[in-house]
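Worksheet: one structure, shown below.
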Amino acid sequence: MKTTTQNNRGEIFAKTIHFPKVITKQQHNPLNYLLLLGMIFSVYILSMQPVWAHGEKNLEPYVRMRTIQWYDVQWSKQQFNVNDEVSVTGKFHVAEDWPISVPKPDAAFLNISTPGPVLIRTERYLNGKPFMNSVALQPGGDYDFKVVLKGRLPGRYHIHPFFNLLDAGQVMGPGVWLDIAGDAANFTNDIQTIGGKSINMETYGLANGIFWHSFWAFLATAWLLWWVRRPLFIARYRMLHAGLEEELVTPLDRNIGKAILVGIPVLVLVFYTMTVNEYPKAIPLQASLDQILPLSAKVNTGVVEVDTTRAEYRVAERTMTMSLKIKNGSDKPIQIAEFATGGVHFLNKAAPAPKQNDADSVVAAEGLSLDNATPIQPSEQRTVLMTAGDALWESEKLDGLINDPDSRIGGLLFFYDTEGERYVSSVTAAVIPKFN
Amino acid sequence: MSANLSPRTFRPYTGEKARIARAYDYLVLVLALFLFIGSFHLHFALTVGDWDFWVDWKDRQWWPLVTPLIGITFPAAVQAVLWTNFRLPLGATLCVACLSIGTWIARVFAYHYWNYFPINMVMPSTMLPSALFLDAVLMLSNSLTITAIFGGSAFALLFYPSNWPIFGMFHLPVEAGNSQLTVADMFGFQYIRTGMPEYLRIIERGTLRTYGQIATPLSAFCSALLCTLMYTLWWHIGKWFATTRYLNRI
Ligand SMILES: [Cu+2]
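So the protein sequences, as listed, match chains A and B.
Counted from 1, the first sequence has number 396 at position 396 by the numbering used here; the numbering is strictly sequential.
Positions in the second sequence are counted from 1; adding 1000 to them yields the numbering used here.
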C-alpha cells in the first residue's frame, strides 16, 4: 500500500546511502548477487514513490469547486498552549453538480491538515453527532461540523480542515496559522477503557512491545552468533565441496535445531495464551461507516432562486462573467454580497456583507461587480450579469478549468437582505473561454 | 583450489590464509547486514506497508495474511544461497533480524522524530520466532520441499500468536463518540494522518469476515498455503541470482 506517502520519506533516504557500497564492491561471490538482487529491488521500488505536497491547489479546479463547498469556517482561537483545546467549526454544502469523474462521496473523512500529529483530534461532530470513522455524504446536502483538537507540539503551523474523498483527493477548507506555545514534554493524553483502566496513549504498550521484540531478538542473536563464530563462507564452501558436509552441521547443531522446532511453537503458544487470558475482552478493530443525514436545507432553501444561464471566462482579463436569473421570494430587498468558489471569495464592495468571521480565506475584496447594483425587490425576477475578476483565478490555479475534461464551475452565492438576513444559493454552469 | 577435493586430501586454511578468509567473512556479513536492512525493509515497507506501520491496521484478517507472505520472500532467497553453498542455516533469521533493525530505525526516526507519531502507534510486528523455526526446519530436513511445506506453513501460522503479546493490549475496548472502539482505533482517530484517512484501511473486509471468531485461523491457514508457494518461488529466485561459479576459482 502506498497510501502513507509522506511518511516514507525518511526510510527512502535512509536506504539510498547503502548503494555506493554495493556498486563499488566488485568481488565475485554469491552474496554479491544477492546484493545485486536487493539493489534492483530498491531502485525499482524507489522509482514508484509519489511525491507528497501540501495539496491545496493540486486538485483539479472542478473538484475543488464542485465537491465540498466550505463556508463559515472559524477557529475558537489561534494562539494557545500545549494541552489546550481548540475547536474549528464550519459548514459545507455538498455540490449537487458533483463531477461525473469523481466517485460519489460514499466514504469521506473529515480531516485536519497538519505536518504530523502536532495536534491531536479529541472529538469530531457532523451535524452535532459525534463520528469516529468515515462518513457517507449526500450531494446537495448541507452539513455543519466541529472538530476539537488539543495542542501537542509547540510551533507555528498552517492548518486547514479538509475532506479526504475516496478516490478523489483532498478538498481543502480555508487555512489559518496556529501558534502553539509551551513545552511538548508536558503533553498528556489519557483515555479510559470500557473496563475502567486509564491509559496514557503516548506510552501505552511501548515497554511491553520493546520487551517482546527484545526477547525474540535475544534468541535470534544467539542463533546467529552460534554460527557466525565459526569460519564461514570460503571455509564452509570448500568443506562442502570436499564432501565434509557432516562436519558443517554437527550433532549438537542438530539437537539445538530440534529444540527450536519444539521450543519456539511452545513458547509462542504459552505467551499467546497468557495474553489472551490477560486481555479476555479484546475486540477486533472497528471499521464502521457512519451514516449522518444532511441538515434541513441551508443552501437553496427555496426563498431565493438562482438559475445560471451562462458562464464565460475571459482569459486575458482573468474574469468570470455569469448571467444569473434570480428570483427574490423573500419579503425584503436582497443584494449579492459574495461569490465563493474553490476556496476563493469574491466580495461585492458595493454591498458589503455584515462582518464575517471566516478563517483567513483567500479574498478578492473588490472582485465582484454587477451590471445592475440596485437591490432585487421582493418577488422581483431579474437577470443579473455578475463579474468575478481577480488574479486569484490564476494564482489559485482555478483557471485551469477551461482545459479540464469537465469544465463546469460551481460555487456559492451569498445574498443579504436589508435586515442582514443571509440567503445562500449554489450556482453551477459550463464555462466558455474567451481568449481575445 | 579445486572444488573437487576428496575428504582425505582436504586441508583447511591456516595462518595468513585463514585470517584473510575470516576477514572476508566479516566483510560479507557487514555488507549483507546493511543491504538486507535496506532492501528487505524497503521491500516490506512498500508491500506490507500500512499493515505493519500502524497499530490500527493490524486486523485479524489481512495483517496475518499479508505480513508472513511478504516476510518469507527474502528469507527464502537468502536461505537458498546460504544453505546450498555453505550449509549455513541462518538465512531466515538473518533477514528477519535485519528487517527488524530497519523497521525499528524507520519507526523511531522517520515516524517518531520526523513525523511526531508516538512509537507505540507505529510499532513493527515480529517474525523472528517464525524465522528461527524456518532455519531449523531447513537445517534438519536439508530439503526444499519439506522446508517449503512445513517451514513455510509454520512461518505463517506462528505469526499471529507470536505478535498477540505485543498488540493484544491495543484491542481493549474504549467508548468514544457514542461508539465502541479499540485503543488502536483511538490512535488512528486522535493522531492525525493527513494522507491516510480511515476509509483507506483495508481491514475486516472480504468474505473471511463472515467466519467471525475463526477469521484469524482461517486467514493464517490461507497464508500458510500461500507461504509454501511463495517460499518455493523465492528459493528459486535466490538460486537464480546466486551462482558460485566464480568462487570455484579461488
Ligand atoms: Cu496551508
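C-beta atoms are modelled at their ideal positions from N, C-alpha and C, and glycine is treated no differently.
Practice prompt. Taking C-beta pairs closer than 8 angstroms, name the residues in chain A that G1177(B) reaches, listed in chain order.
Written response: E123, R124, P130, F131 and M132
Fill in: Through-space distance from A217(A) to I1072(B), alpha-carbon basis
18 angstroms
Worksheet item: At a CB-CB cut-off below 8 angstroms, which residues of chain A make contact with L1140(B)?
Response: R254, G257, K258 and L261
Item to complete: Return yes when the C-beta of G182(A) is under 6 angstroms from any heavy atom of ligand 1, and no when it is not.
Response: no
Discussion item. Give me the chain A residues within the contact set of G1168(B), using Cβ-Cβ distance strictly less than 8 angstroms, ordered along the chain.
Written reply: T275, V276, E278, Y279 and A282
Worksheet item: Is the CB-CB distance between Q286(A) and D1185(B) below 7 angstroms?
Response: yes
Discussion item. Taking its Cβ as the centre, do 16 or more other Cβ atoms sit within 10 Å of N436(A), making it buried, or is it exposed?
Written reply: exposed
Worksheet entry | Contacting residues, own chain, Cβ-Cβ under 6 angstroms from F1167(B) (five flanking each side not counted) | K1058
Fill in: Candidates S134(A), Y125(A) and F187(A): closest to K150(A) by CA position
F187(A)
Item to complete: Consult DSSP for F442(A) and reduce its assignment to one of helix, strand or coil.
Response: Past the edges of chain A, shown from 1 to 436, lies residue 442(A), and the structure says nothing about it.
Fill in: Cβ-based contacts, 7 angstroms cut-off: residues of the region 1208-1237 of chain B near chain A
none
Worksheet item: Going by alpha carbons, who is nearest to W393(A) out of G342(A), R254(A), Y204(A) and Y143(A)?
Response: G342(A)
Item to complete: Have a look at P20(A) and T221(A) and give me their C-alpha separation to the nearest angstrom.
Response: No answer about P20(A) holds up, because its pLDDT of 35 lies below 50 and its placement is not dependable.
Item to complete: With DSSP as the reference, label M1169(B) as helix, strand or coil.
Response: helix
Fill in: Complete runs of the alpha helix (DSSP H) confined to the region 1064-1124 of chain B [at least 4 residues]
1073-1086 and 1091-1105
Worksheet entry | Buried/exposed call for Q79(A), threshold 16 Cβ in 10 Å | exposed
Worksheet item: Would Y1191(B) pass as a contact of I191(A) if the rule is Cβ separation under 7 angstroms?
Response: no
Worksheet entry | C-beta neighbour in chain B for H345(A), strict 7 angstroms | no
Discussion item. Can you pull out the residues from the region 230-254 of chain A whose beta carbon lies closer than 8 angstroms to at least one beta carbon of chain B?
Written reply: P231, L232, F233, I234, A235, R236, Y237, R238, M239, L240, H241, A242, G243, L244, E245, L248, V249, D253 and R254
Practice prompt. With a 10 Å radius around its C-beta and 16 neighbouring C-beta atoms as the bar for buried, classify D390(A) as buried or exposed.
Written response: buried
Discussion item. Please tell me whether L413(A) and F339(A) are closer than 7 angstroms, where the distance is taken between their beta carbons.
Written reply: yes
Worksheet item: Does DSSP classify G122(A) as helix, strand or coil?
Response: According to the sequence displayed, residue 122(A) carries Thr and not Gly. In the structure shown, T122(A) sits in a strand (DSSP, three-state: E or B).
Fill in: Distance, I292(A) Cα to K129(A) Cα
8 angstroms
Worksheet item: Is there at least one non-hydrogen atom of ligand 1 closer than 6 angstroms to the beta-carbon of G1177(B)?
Response: no
Item to complete: Report the residue from Q74(A), P117(A), L219(A) and K197(A) whose alpha carbon sits nearest the alpha carbon of T89(A).
Response: Q74(A)
Practice prompt. Anything in chain A within Cβ reach of A1097(B), meaning under 8 angstroms, just list it in chain order.
Written response: A217, A220, T221 and L224
Item to complete: Report whether the distance from the Cβ of G175(A) to the nearest heavy atom of ligand 1 is below 6 angstroms.
Response: yes
Item to complete: Spell out the partners DSSP gives V1174(B) in its beta bridges.
Response: T193(A) and L1181(B)
Worksheet item: Quick one, are the C-beta atoms of C1098(B) and I1037(B) less than 7 angstroms apart?
Response: yes
Worksheet entry | Any chain A beta carbon closer than 7 angstroms to S1143(B) | no
Worksheet item: Thinking C-alpha only, which one of Y279(A), P115(A), E421(A) and S198(A) is nearest I334(A)?
Response: E421(A)
Fill in: Euclidean distance between Cα positions of G1091(B) and D179(A)
51 angstroms
Worksheet item: Using CA coordinates, which residue listed in M239(A), S369(A) and L269(A) is at the minimum distance from V384(A)?
Response: S369(A)
Worksheet item: Beta carbon of H1236(B): closer than 6 angstroms to some heavy atom of ligand 1?
Response: no
Worksheet item: Relative to chain B, which residues along the region 295-306 of chain A have a C-beta separation below 9 angstroms, given in chain order?
Response: none
Discussion item. Can you confirm whether S1162(B), when its beta carbon is compared against all beta carbons of chain A, has any partner nearer than 7 angstroms?
Written reply: yes
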